[in-house]
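*Asks:*
Protein chains in written order, with the numbering used here: chain A, 1 to 418; chain B, 419 to 836.
#1: Can you pull the chain B residues whose beta carbon is under 7 Å from the beta carbon of residue 122 of chain A, in chain order?
#2: At least one CB of chain A closer than 7 Å to the CB of residue 421 of chain B: is that the case?
#3: Less than 7 Å separating the beta-carbons of residue 257 of chain A and residue 311 of chain A?
#4: Look at the alpha carbon of residue 46 of chain A and the alpha carbon of residue 522 of chain B, and state the distance between them as a whole number of angstroms.
#5: Strictly below 7 Å CB to CB, what residues from chain B border residue 148 of chain A?
#6: Is DSSP giving residue 138 of chain A helix, strand or coil here?
#7: Whose CA, out of A:380, A:74, A:182 and A:289, lies closest to the CA of residue 273 of chain A?
#8: Apart from the five residues just before and just after residue 191 of chain A, which ones in its own chain have a Cβ nearer than 6 Å to its Cβ?
#9: Are the C-beta atoms of residue 528 of chain B and some chain A residue less than 7 Å apart?
#10: So residue 714 of chain B packs on residue 603 of chain B, CB below 8 Å; how close in whole Å?
#11: Since residue 152 of chain A and residue 38 of chain A should fall inside the 8 Å C-beta cutoff, what is the C-beta to C-beta distance between them, to a whole number of angstroms?
#12: Measure the CB-CB distance between residue 314 of chain A and residue 376 of chain A and report whether it falls below 7 Å.
#13: Answer yes or no: does any C-beta atom of chain A fall closer than 7 Å to that of residue 433 of chain B?
#14: Can you find the residues in the same chain that come closer than 7 Å, C-beta to C-beta, to residue 422 of chain B, ignoring five residues on each side of it along the sequence?
#15: In the DSSP assignment, find the unbroken beta strand (DSSP E) run with residue 440 of chain A in it and report its ends.
#16: Would the beta-carbon of residue 547 of chain B fall within 7 Å of that of residue 584 of chain B?
#17: Nearest CA to the CA of residue 405 of chain B: which residue from B:657, B:517, B:512 and B:536?
#18: So that I know if they touch, is there some Cβ in chain A lying closer than 7 Å to that of residue 515 of chain B?
#19: Spell out whether any CB of chain A is found under 7 Å from the CB atom of residue 462 of chain B.
#20: For residue 114 of chain A, return the contacting residues in chain B, with the cut-off set at a CB-CB distance below 9 Å.
#21: Have a look at A:36, A:162, A:123 and A:250 and flag the residue whose alpha-carbon is nearest the alpha-carbon of residue 492 of chain B.
#22: Within the chosen definition, does the region 338-358 of chain A reach the region 77-95 of chain A through at least 3 CB pairs nearer than 8 Å?
#23: Would DSSP call residue 198 of chain A helix, strand or coil?
#24: Compute the Euclidean distance between the alpha carbons of residue 175 of chain A and residue 428 of chain B, then round it to the nearest angstrom.
#25: With which residues is residue 815 of chain B paired in a DSSP beta bridge?
#26: For a contact defined as C-beta to C-beta under 8 Å, what are the partners of residue 490 of chain B on chain A?
#27: Expressed to the nearest angstrom, what Euclidean distance is found between the alpha-carbon atoms of residue 53 of chain A and residue 68 of chain A?
#28: Just the Cα atoms here: how many angstroms apart are residue 155 of chain A and residue 680 of chain B?
#29: Where does residue 640 of chain B sit, in a helix, a strand or coil, going by DSSP?
#30: Between which two residues does the alpha helix (DSSP H) harbouring residue 603 of chain B extend?
#31: Residues of the region 122-142 of chain A in Cβ contact with chain B at a cutoff of 8 Å, in chain order, please.
#32: Work out the CA separation of residue 637 of chain B and residue 801 of chain B for me, nearest whole Å.
#33: Which chain B residues are close to residue 47 of chain A, counting only those with a beta carbon under 7 Å from its beta carbon?
#34: Does residue 823 of chain B pass the burial test, meaning 16 or more other C-beta atoms within 10 Å, or should it be called exposed?
#35: Please confirm if residue 76 of chain A has its CB atom under 7 Å from at least one CB of chain B.
Structure follows, in structure tokens:
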């Protein structure tokens with residue numbers, strides 16, 4: 001992509017009403033546009049980041065046998081009344097509206113009910129189980145306050161997987177399989193080190209659920225971490241019996257602020273009992289399906305990555321997420337030969353399958369460098385009179401800002417290594 | 419994908435309240451699930467079809483310089499009041515709801531307003547124009563009646579492109595560029611022959627808009643077609659002056675029912691005037707941007723393709739859209755050697771990059787064939803004792819049902835040709 005063609009511009013200041021660092025940087029760099037508190041549109045660079053995050057998640061969900069579908073946002077009242085989750089006294093963040101005939105509909109804030117209902121048409125025998133089904137879809141929650149940028153949206157993208165098992169034992173295996181996939185996802189997204197599988201409150205069917213909590217000063221949650229034992233406990237369940245369960249003492253735990261980036265939950269038969277999702281077991285007996293649900297928020301992760309991976313100059317995307325692999329900067333100073341040489345590199349990189357944002361604009365070097373640092377593509381390539389004289393380009397990682405000259409013949413290998 | 423693993427099942431009958439042929443077939447084959455009238459969830463096979471349609475559209479939008487973004491569904495009242503499109507008396511199919519603080523928000527039924535507003539932050543000079551910007555996003559319209567299956571949804575997927583030009587002349591070039599891309603899209607989707615660029619009513623800024631109308635008995639629109647001149651006119655604008663404009667007489671026109679599958683519209687400065695989207699021209703004068711909008715509904719197209727391309731046995735997907743390229747059917751009759759041979763073909767096809775739905779189920783041949791015809795993948799491959807004896811597989815196009823034996827050594831070339 002030529003920067004001169006890209007319709008978005010960087011800007012010096014974020015809107016005054018934007019208090020979160022992630023949204024400030026994302027707006028300044030042209031990744032998102034704020035529609036209202038907690039509602040953001042994703043501009044071309046931002047959509048690429050969001051889709052890269054979704055790609056990583058999708059690959060790991062498919063790798064464990066996940067089948068992707070896409071459910072509707074509009075939800076009918078009757079289905080949610082049957083599980084007692086329609087009433088605003090029970091679920092206080094519904095967006096609700098009405099059809100022309102006056103009947104109530106809501107905007108899905110999660111999808112256990114509709115998917116359980118769908119599965120009743122497709123599961124009847126133990127041979128149909130287990131199944132892992134997921135979607136990546138926009139959800140709506142009428143948040144009272146929405147001051148965390150894209151980290152807490154009234155409209156936000158969610159990957160939600162649901163598992164369907166014939167027994168608690170089979171469920172437990174699926175639960176650990178999804179948990180392992182989540183670890184892979186957070187590693188690939190560059191926040192594996194900071195992210196802890198954290199014990200949190202369970203429900204009727206299990207003592208605990210698990211959250212994946214990413215340690216960060218902007219976190220809204222408080223967790224207790226033992227780095228030595230690589231275990232963490234949400235403050236809400238910190239109690240002597242939990243410590244005994246996990247074999248840790250209060251002394252070895254450190255209190256940290258953290259952001260929830262994923263959660264996994266055993267649902268037991270709460271939904272399948274009510275909605276009639278059952279199967280005939282090997283002996284022909286009707287049995288309720290054992291379910292689990294597993295969430296990760298891709299749009300929230302865009303914000304978390306910016307909070308975790310940025311410096312005073314701007315964003316520093318991890319490789320798997322960056323909108324482009326390389327930011328190619330031409331410093332031509334109006335010299336057509338240098339511009340032509342930069343054009344040649346642009347073509348060469350693209351022919352080799354390397355995604356490039358090419359700053360071909362007629363602006364001064366300082367502005368180009370400042371924009372490249374703000375936008376945060378991990379590798380910057382500079383073509384200038386100096387680099388041409390030395391037979392190559394200057395390659396600078398966004399992480400340390402240290403440029404080295406790389407010969408033209410080595411550049412593709414060097415970039416593929418990254 | 420192994421059919422034995424796919425969580426959806428085919429079914430003999432559609433729900434009784436489903437009156438449209440497209441939804442009946444799509445539900446029976448396991449492509450969609452009806453949540454309520456006009457609201458469908460897309461199951462794994464259906465999501466693949468929908469994404470294939472989006473891929474075709476995206477490729478053609480990118481080829482003409484389109485930049486993709488993704489705007490929010492939630493829309494704030496004030497923005498739409500400024501263009502006089504908030505009031506229910508003006509736009510009668512809004513879904514509206516409220517934030518916790520009582521302020522009104524709507525669910526986007528189109529996106530001229532928010533995108534024009536976004537562009538005010540990124541366009542300031544004639545050098546910033548022209549720009550083509552699009553999204554593929556779920557939209558919401560509170561339809562009074564929704565009886566056309568996935569062809570008319572209360573919640574539906576829309577590709578909407580908007581163009582931004584510095585003059586009417588520049589706009590006209592963009593308009594024709596998008597129109598040409600639309601022709602390519604409908605050709606690739608297999609309905610090019612039946613789809614006419616149709617003159618329809620314009621607005622303040624142009625005498626006509628254009629609809630792409632696909633001739634079909636289930637169409638809700640009436641158009642008048644001259645096949646010789648490859649021109650069509652929507653009934654709503656059929657008048658003597660229009661006929662004179664187009665140089666056709668009433669006698670050469672045939673009345674047809676048609677479904678609108680796309681529309682393109684010159685907006686002039688209707689939105690840019692009100693929302694302040696202007697640029698400095700070469701002489702430094704503030705000038706309003708000239709806009710156009712261009713829609714295609716991918717979820718509607720799923721339904722249109724089923725209506726257009728199906729027979730009494732089921733769906734017949736065009737190649738670009740089919741959820742898989744090949745439906746591989748093992749007729750093992752319980753013989754493990756035949757199953758193993760079919761497994762080998764399954765692996766071979768996948769290794770050669772050919773998408774396969776593999777019917778490895780332990781059900782009788784008649785059921786497998788009926789399901790293959792219902793699901794509608796364009797090419798069926800059968801592995802049986804007979805085909806193994808003859809050293810190959812039977813290849814049968816869904817269109818004509820005529821099988822031919824193809825040697826194993828020729829099969830990959832043969833499939834790549836299709």
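Just so you know, even glycine gets a beta-carbon here, dropped at the ideal spot from N, CA and C. Values in this document were obtained by computation on a predicted structure and should not be read as measured data.
*Replies:* Based on what the coordinates show:
#1: To locate residue 122 of chain A, count along the first chain from 1; it is residue 122. Those are 425, 426 and 427, listed as they occur along chain B.
#2: Along the second chain, read from residue 1 onward, the residue named residue 421 of chain B stands at position 3. No, residue 421 of chain B lies away from the interface with chain A (no Cβ there is under 7 Å from its Cβ).
#3: The count along the first chain starts at 1 and reaches residue 257 of chain A at position 257. The count along the first chain starts at 1 and reaches residue 311 of chain A at position 311. Taking 7 Å as the Cβ cut-off, residue 257 of chain A and residue 311 of chain A do not qualify as a contacting pair.
#4: Working through the first chain from its first residue, we reach residue 46 of chain A at position 46. Working through the second chain from its first residue, we reach residue 522 of chain B at position 104. Taking the straight line from one Cα to the other gives about 27 Å.
#5: For the purposes of this step, residue 148 of chain A is identified with residue 148 of the first chain, where counting begins at 1. In chain order: nothing, as chain B lies at least about 16 Å away.
#6: In the first chain, residue 138 of chain A corresponds to position 138, counting from 1. Residue 138 of chain A: strand per DSSP, three-state reduction.
#7: Taking the first chain and counting its residues from 1, the one referred to as residue 273 of chain A is at position 273. Residue A:289 is the option with its Cα nearest to residue 273 of chain A.
#8: Walking along the first chain from the start, residue 191 of chain A turns up at place 191. These residues qualify, in order along the chain: 214 and 308.
#9: By one-based count along the second chain, residue 528 of chain B stands at place 110. For residue 528 of chain B, the answer is no, since every Cβ of chain A falls outside 7 Å of its Cβ.
#10: Within the second chain, numbered from 1, the residue matching residue 714 of chain B stands at position 296. Within the second chain, numbered from 1, the residue matching residue 603 of chain B stands at position 185. Right, the Cβ-Cβ distance comes to about 7 Å (below 8 Å), so this counts as a contact.
#11: By one-based count along the first chain, residue 152 of chain A stands at place 152. By one-based count along the first chain, residue 38 of chain A stands at place 38. About 6 Å separates the two Cβ atoms, so the contact holds.
#12: For the purposes of this step, residue 314 of chain A is taken as the residue at position 314 of the first chain. For the purposes of this step, residue 376 of chain A is taken as the residue at position 376 of the first chain. Against a cut-off of 7 Å, the Cβ pair of residue 376 of chain A and residue 314 of chain A comes out as a contact.
#13: Along the second chain, one-based indexing puts residue 433 of chain B at 15. No, its Cβ sits nowhere closer than 7 Å to a Cβ of chain A.
#14: Your numbering for residue 422 of chain B matches position 4 in the second chain. Around residue 422 of chain B: 778 and 779.
#15: Residue coverage of chain A in this structure runs from 1 to 418, which leaves residue 440 of chain A outside it and unanswerable.
#16: Here the question's residue 547 of chain B lines up with position 129 in the second chain. Here the question's residue 584 of chain B lines up with position 166 in the second chain. Yes, Cβ-Cβ distance for residue 547 of chain B and residue 584 of chain B is below 7 Å.
#17: The question about residue 405 of chain B has no answer here: the residues shown for chain B are numbered 419 through 836.
#18: By one-based count along the second chain, residue 515 of chain B stands at place 97. Output row for residue 515 of chain B: interface = yes.
#19: Counted from its first residue, the second chain places residue 462 of chain B at position 44. Yes - at least one Cβ of chain A is within 7 Å of the one on residue 462 of chain B.
#20: If you number the first chain from 1, residue 114 of chain A lands on position 114. Under the 9 Å cutoff, chain B gives 451, 453 and 459.
#21: In the second chain, residue 492 of chain B corresponds to position 74, counting from 1. Cα-wise, what sits closest to residue 492 of chain B is A:36.
#22: no
#23: For the purposes of this step, residue 198 of chain A is taken as the residue at position 198 of the first chain. Of the three classes helix, strand and coil, the one that applies to residue 198 of chain A here is strand, per DSSP.
#24: In the first chain, counting from the first residue as 1, residue 175 of chain A sits at position 175. In the second chain, counting from the first residue as 1, residue 428 of chain B sits at position 10. Residue 175 of chain A and residue 428 of chain B: Cα-Cα distance of roughly 29 Å.
#25: If you number the second chain from 1, residue 815 of chain B lands on position 397. Its beta-bridge partners are B:797.
#26: Translated into the one-based positions of the second chain, residue 490 of chain B becomes position 72. In chain order: 35, 39, 40, 41 and 155.
#27: Residue mapping note: residue 53 of chain A aligns to position 53 of the first chain, counting from 1. Residue mapping note: residue 68 of chain A aligns to position 68 of the first chain, counting from 1. Near 16 Å, if we compare the C-alpha coordinates of residue 68 of chain A and residue 53 of chain A.
#28: Here residue 155 of chain A corresponds to residue number 155 of the first chain, with the count starting at 1. Here residue 680 of chain B corresponds to residue number 262 of the second chain, with the count starting at 1. Approximately 28 Å, taken between the alpha carbons.
#29: In the second chain, counting from the first residue as 1, residue 640 of chain B sits at position 222. Residue state, collapsed to three classes: strand.
#30: The residue labelled residue 603 of chain B in the question sits at position 185 within the second chain. It spans 586-606 - the alpha helix (DSSP H) in which residue 603 of chain B sits, taken as one unbroken run.
#31: 122, 123, 128, 131, 133, 138, 140 and 142
#32: The residue given as residue 801 of chain B occupies position 383 in the second chain. The residue given as residue 637 of chain B occupies position 219 in the second chain. Answer to the nearest angstrom: the Cα atoms are 41 Å apart.
#33: By 1-based counting over the first chain, the position of residue 47 of chain A is 47. Ordered by position in chain B, the residues that pass the 7 Å Cβ test against residue 47 of chain A are 486, 487 and 488.
#34: Along the second chain, read from residue 1 onward, the residue named residue 823 of chain B stands at position 405. Residue 823 of chain B should be labelled exposed.
#35: Mapped onto the first chain, residue 76 of chain A falls at position 76. So, interface residue.
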